[in-house]
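Visitor: Residue numbers (numbering that gives the first Met the number 0): 0 to 1148.
Questions regarding the structure given below will be posed in turn.
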Amino acid sequence: MNLSNSDVQAENPQPGILDKPLMTVWPAVNLRMILGALILVLAVVSRFYNLDLRVMSHDEVNHVVPSYDLYTGKGYRHDPVTHGPMQFHLVAASYFMLGDSDFSSRVPAALFSIAAIAFILFKFPRYLGKNGALIAAFLFLISPFMLFYGRYTRNEGFIELLGVMLLYGTLAYLETGKKSYFYLITTALVLHFCSKETSYIYTAILLVFLAFNFLRETTELKSLDANARRRFTVFMLAAGLAVLIALGAGVWGAGLNKPADDGLDAATTATMITTMPVWIQSCIYGGIAAALVFGVLALFNLAGTIGWDKIRKLRSFDLLVLIVTLILPQLVALPVKLIGWNPLDYSDTGMIRTGSFIIVLFILSVIAGYWWNKITWLKNAALFYTIYILLYTTFFTNGRGFFTGIVGSLGYWLAQQGVQRGSQPWYFYGLIQIPFYEYLAAFGTILALYFGLRHNRLITWSGDSPADPDALVREHELETPDWMDDAELEHQTETRRPVPTLALLIFWDVMSLIAYSVAGEKMPWIAVHIALPLLLTAGWGLGYLVDTTPWKRVANRSGMIALALIPCFLMAFAGAVGALLGDKTPFNGNTLENLEATSTFILSVLMTAGSLFGILRLLWNFGANDLIRLFTAGIAAILTVLTIRTTVMANYINYDTPKEYLVYAHAARGPKDMLAQIEEISRRTTGGKDIVVEYDNDALYPFWWYMRDYPNHRWYTDKPTRELKDAPIVIAGDANFDKVNNILKNDYIQYTYMRLWWPNQDYFNLDWPRIKGAFLNPEMRAAIFNIWLNHDYTAYAKVTNNQNLTLETWQPSAKLRLYIRKDIISQIWNYGAAPAAPVAAEVDPYQGKLTRMTPDRTIGGQQEGAVVLNKPRNLAVAADGSIYVADSANHQIKHISADGKLLQAWGKFADISKGDAPGGTFYEPWAVAIGKDGSIFVTDTWNHRIQKFTADGKFLKMWGFFGQAEKPEGFWGPRGLAVDARGNVLITDTGNKRVVVFTSEGEYVTQFGQTGMEPGQFDEPVGITISNDGEVYVADTWNSRIQVFTPDASGLNYTFNRSWELEAWSGQSLDNKPFIAIDSNNHLYVTDPEGYRVLVFDQQGQYLMGWGDYSTDIDGFGLASGVAVDPNGGVWVSDGGNNRLLHFVMPPG
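As structure tokens, this is what we get:
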């Protein structure tokens, strides 16, 4: 409805231009109907256009694979990790109708997103106004978040519809009191609970609002005396305060369960925080108990004054009872967790414990429901639990699903709050996501808040427009009818009442932003739940603006010219401000760039002044309020154009690049390019999809989905073996590049693709100095604005000197590598210059003398009661046969007897770069050596120092600091240790490419080696050992050789003696660091970590034998790391992949 001026409209206004019939023969057709139809058409086109083009992301794969299993008859078992079951059933149904593909996987989400827009168009005009609903539907259409996640196999697309259904049902019942809306609310609730755990937040926000509304309704009862009203208000406020205390304590406690710190393994971290502090538990328990007590006191105080019958007729109370009784059993995880039990324990004992709580909560729900309204409650409960049970049990094929749903959903969500998935800052939504994408929604919401407060429109009568004079609620109309005193109103429970539309929407806006900002998990898709109420509120606000702007007065030639000048003024004004704030300010030099900035500023000022003069001249008879509305409408129009541009860029241009902040760990184009090559090669070599493809953990997402039609695909997790050579095609993530290269060597051609992107995260750790510095820096201001406007990082990369912001170099990112065997390539023209003869595979020079050896003793591993090891590195054997091992990921040294008993363990984590790291603390110790007097030396690798202890772990001294060899003690990641006959300690300073010699007291003696490939030079020296005749052997890792040095009589000079190359150590991963040991026969034992073996040479480099292959059992290694020889000639090997030590008896000779 259009207003003639900004004041209150006259009664019986004429239809606005949108409502006038366009054809006399079909009077129902008007411009509003055409615009609505156009919005729906655009919704369909925008949601389905190129729907299958984007690669399936990590989370999408988690949804489509179980859906495919359900479609193919393998069934579905609910798992809280992948949220509720509804999506899986809908996607499986889509496969049934359309076949399995990326397109059909996303069809359900797209349909629900379209339905949300249609629902707003048809149902919300009553509460947002006709124009407000039309605008809200349009905002949903162009919203970057609603469109992106409406084309995504996640639950957010479904919740777009379920969220607006829930809000509409609530408003409709509060207005009319018709019980038919209960069924809409119940359906929206149960489908949301069957979709995602955000249902708990939606329900909590709604219940809190209804509680406030109930408080308002009761305090406005005419029959409630002042004392009773005062007591009721105090009790309710006290209950609310108690709830806030409990929630705050819960959030605080969840924040204490942070993910593992750098350098701490998950197992170690898990032992650090097992329960919340007592004071937090007391606040939670006490808050809940106090809330219940005060709530009961409030209700009984109220009932004592007006009676229970009247309370039951209050509409807020109806909704409170209905919703609470329906979802109360869904909260069973809360008391289970608070009592100290694990709600995710599905053992018999755990199920009995949890089941007892479920029964109690069900009984309470039934009692309350029967007391409230037996028939109505039974119908809604039957509707709720019929849908719930059918979906969670997959139509009675998975009985366990009922329990994993009713207990596991909330239980898992609560556990995830401590994980803090994404680790985003608290301002992630308010300062990053919303300003970057939903700025139009935020602008409209601010307008709504202003209009609502300024014109008393938080609560209105429903109608064509909230700006209508009839929508204004007079003070006496807010009073709740007194059914007890007024016999004529006794049965009029469906009387229309004013509706708190804007109050609910603004409350939802604020609470959503707060709730999701303090929740542990912060991800871009969560912003959908913040944007949803913002868009509806913005529809209300912009609709109010349209309804109160005097359009009819500008419907003439002068007015049209003035309207055209308004965007000119706004853009010119923005240009002038931009010139002042840009990196090249006006009047600041005579260079071409400075002169250009000056001329731009002058022209912008002239255009601003000229257009403003024209507007004021043409609209000279307009009041200030009317002009402000026109200018505000102009701003909204510009923001609308920018939002459409932002949406197009995010969804159709940058959809598979990291330029967008609305994605996280987003799939790049690479996997689909790889899939196209694999399919072509397979069809040309096997006639179908029968080619053998091996892929690892990184490639599992998305190839778990894309390999579903390839019967010979194999998943080798993160443990590549030599069996990979049997596969024509191998796929590896960057974590396994070195391992796979070491196995496949030159027998394969490799192609590298981008697998995953993460957005630039320089917004972490924002504080006022950083914000102020960015604002005061013209170059930084311009760079950030360019990111916001054009999603272009070029200027920002230049300002920050960041070379990793192009698509070719982007960090953070992850890559995949496609390996194609050369004999396959030689058959295919496309992958080579021309057909060629098959290429002979390289021969492993050690294969012929590799033997199978089984350890006679093992320490650690998975066996019960074993010593717990985590990535053990090098080790040393004492004269009594006991072992000292550097237990690197546990940041400890462990002393273990020869028969596997733990004698001593010392050390804990400390990172010297982040604070104090006293003696006895470690950051990944890598090596240990035993001195002449039995003392223990340790390379504290990432604290860049050497520590000395007594044989039983008492700290003695330490030396070293992080440096680049500017001083002898300036270490960079020292790895290996050896003690010579003098008692001197030889250290491989790996990062500085040298060997440094100190006395046992840490006094510098000498050093040798430097960076290079020549004899006597090193590239990543790691393992070091000394023979009985004093020769020093060094594992020169990245030069793939052993070098031997001979000291002179003084021990001050070390001369290069000889070396030999190895076919090993080709990978440059952090784990591929070899250690060496020599026995009394001068046999040198060399670990080949990512070759999963130990090689044996004589002192001249002649290969004698070797053993090992990949295995998770004791017949091989997961990572052959350290090696040591015991007094009897046996060999100990540390397996850093399987977390154990293995002892081998060497064959004679």
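Note that the Cβ used here is the ideal one computed from N, Cα and C, for glycine as well.
Three or more C-beta pairs under 8 Å: does that hold for the segment 342–355 against the segment 145–152?
Guide: Short answer: they don't touch.
Visitor: Kindly give me the distance between the Cβ atoms of T1054 and P1073, rounded to whole angstroms, as I take these residues to be in contact under 8 Å.
Guide: Contact doesn't hold; Cβ gap of about 23 Å is too wide.
Visitor: What are the boundary residues of the beta strand (DSSP E) that R1185 is part of?
Guide: No statement about residue 1185 is possible, as the shown extent of the chain runs from 0 to 1148 and does not include it.
Visitor: Starting from the Cα of A1048, find the closest Cα among A980, T949, Y126 and give me that residue.
Guide: Among A980, T949, Y126, the Cα nearest to that of A1048 is on A980.
Visitor: Report all residues from its chain with a CB closer than 8 Å to the CB of A1014; omit the five preceding and five following residues, and keep chain order.
Guide: Residue 1014 is actually Pro in this sequence, not Ala. Answer for P1014: Q1042, F1055, S1058, listed in chain order.
Visitor: So does the segment 61–77 actually touch the segment 708–724, counting three or more Cβ pairs closer than 8 Å?
Guide: No contact exists between the segment 61–77 and the segment 708–724.
Visitor: Here's a check: name, in chain order, each residue in its chain whose Cβ is nearer than 6 Å to the Cβ of W1037, leaving out the five neighbours to either side.
Guide: Only D1018, E1019 meet the Cβ criterion.
Visitor: For Y883, which residues does DSSP report across the bridge?
Guide: Paired residue(s): A875, H894.
Visitor: Assess contact between the segment 300–317 and the segment 215–226, defined as three or more Cβ pairs (one per stretch) separated by less than 8 Å. Is contact present?
Guide: Judged by Cβ distances under 8 Å, the segment 300–317 makes contact with the segment 215–226, as three or more pairs qualify.
Visitor: Using three-state DSSP, classify V295 as helix, strand or coil.
Guide: It is helical.
Visitor: Kindly give me the distance between the Cβ atoms of L534 and F139, rounded to whole angstroms, as I take these residues to be in contact under 8 Å.
Guide: Rounded, the Cβ-Cβ distance is 6 Å, consistent with contact.
Visitor: Quick one, which of K821, D469, L377 has its alpha-carbon nearest Y747's?
Guide: Closest option to Y747, Cα to Cα, is K821.
Visitor: Can you look up E1060 in the DSSP assignment and give me helix, strand or coil?
Guide: E1060: strand per DSSP, three-state reduction.
Visitor: What number of angstroms, rounded off, separates the C-alpha of M350 from the C-alpha of G404?
Guide: Approximately 13 Å between the Cα atoms of the pair.
Visitor: Taking R872 as the reference, give the member of T590, V1132, M510, F137 with the closest Cα.
Guide: When each option's Cα is compared against that of R872, the closest is V1132.
Visitor: DSSP three-state label for N650, please.
Guide: Helix.
Visitor: Between which two residues does the alpha helix (DSSP H) holding Q1042 run?
Guide: Element bounds for Q1042: not the alpha helix (DSSP H) but the beta strand (DSSP E), 1040–1046.
Visitor: Kindly indicate the opening and closing residues of the beta strand (DSSP E) around T169.
Guide: Note, T169: premise wrong, no beta strand (DSSP E); alpha helix (DSSP H) at 155–175.
Visitor: Ends of the alpha helix (DSSP H) at H88?
Guide: Taken as a continuous stretch (DSSP letters only), the alpha helix (DSSP H) holding H88 covers 85–97.
Visitor: Candidates W925, S881, T853: which alpha carbon is nearest D1125's?
Guide: It is S881.
Visitor: Opposite F997 in the DSSP bridges: which residues?
Guide: F997 pairs with V984, Y1003.
Visitor: In this structure, does DSSP put W25 in helix, strand or coil?
Guide: W25: coil per DSSP, three-state reduction.
Visitor: Look up W704 in the DSSP assignment and say whether it is helix, strand or coil.
Guide: Here W704 sits in helix by DSSP.
Visitor: Is A1111 near G1105, with beta carbons less than 8 Å apart?
Guide: In the sequence as presented, Ala is not what sits at residue 1111; that position holds Thr. Cβ distance not < 8 Å, so T1111 and G1105 don't count as in contact.
Visitor: Mind checking who G732 pairs with in its DSSP beta bridge?
Guide: Partner(s): L815.
Visitor: Which residues does DSSP list as the beta-bridge partners of G538?
Guide: Answer is none; G538 lacks a bridge partner.
Visitor: Give me, in chain order, the residues of the same chain whose beta-carbon lies closer than 7 Å to that of L448; leave out the 5 immediate sequence neighbours on both sides.
Guide: Correct list, in chain order: I505.
Visitor: Near D78, what residues of its chain come up, given a Cβ to Cβ distance below 6 Å and the 5 sequence neighbours on each side ignored?
Guide: Once the five neighbours on either side are set aside, D78 has no close Cβ partner at all.
Visitor: So what does F395 bridge to, in DSSP terms?
Guide: Looking at the DSSP assignment, F395 forms no beta bridge with any residue, so it has no partner.
Visitor: For R53, count neighbouring Cβ atoms within 10 angstroms of its own Cβ and tell me buried if that reaches 16, exposed if not.
Guide: Buried.
Visitor: Is it buried or exposed for Q1009, if we count other Cβ within 10 angstroms and need 16 for buried?
Guide: Exposed is the call here.
Visitor: Kindly indicate the opening and closing residues of the beta strand (DSSP E) around Q749.
Guide: Start and end: 747–756.
Visitor: Check whether the segment 96–105 touches the segment 25–44, taking contact to mean three or more Cβ pairs, one atom from each stretch, closer than 8 Å.
Guide: The answer is no - the segment 25–44 does not touch the segment 96–105, with fewer than three Cβ pairs under 8 Å.
Visitor: Quick one: what's F921 bridged to in DSSP?
Guide: Per DSSP, F908.
Visitor: Do the segment 569–582 and the segment 175–193 touch if we need at least three Cβ pairs shorter than 8 Å?
Guide: No, the segment 569–582 is not in contact with the segment 175–193.
Visitor: Rounding to the nearest angstrom, what Cα-Cα distance links Q810 and Y543 in this structure?
Guide: Each residue's Cα considered, the two are about 45 Å apart.
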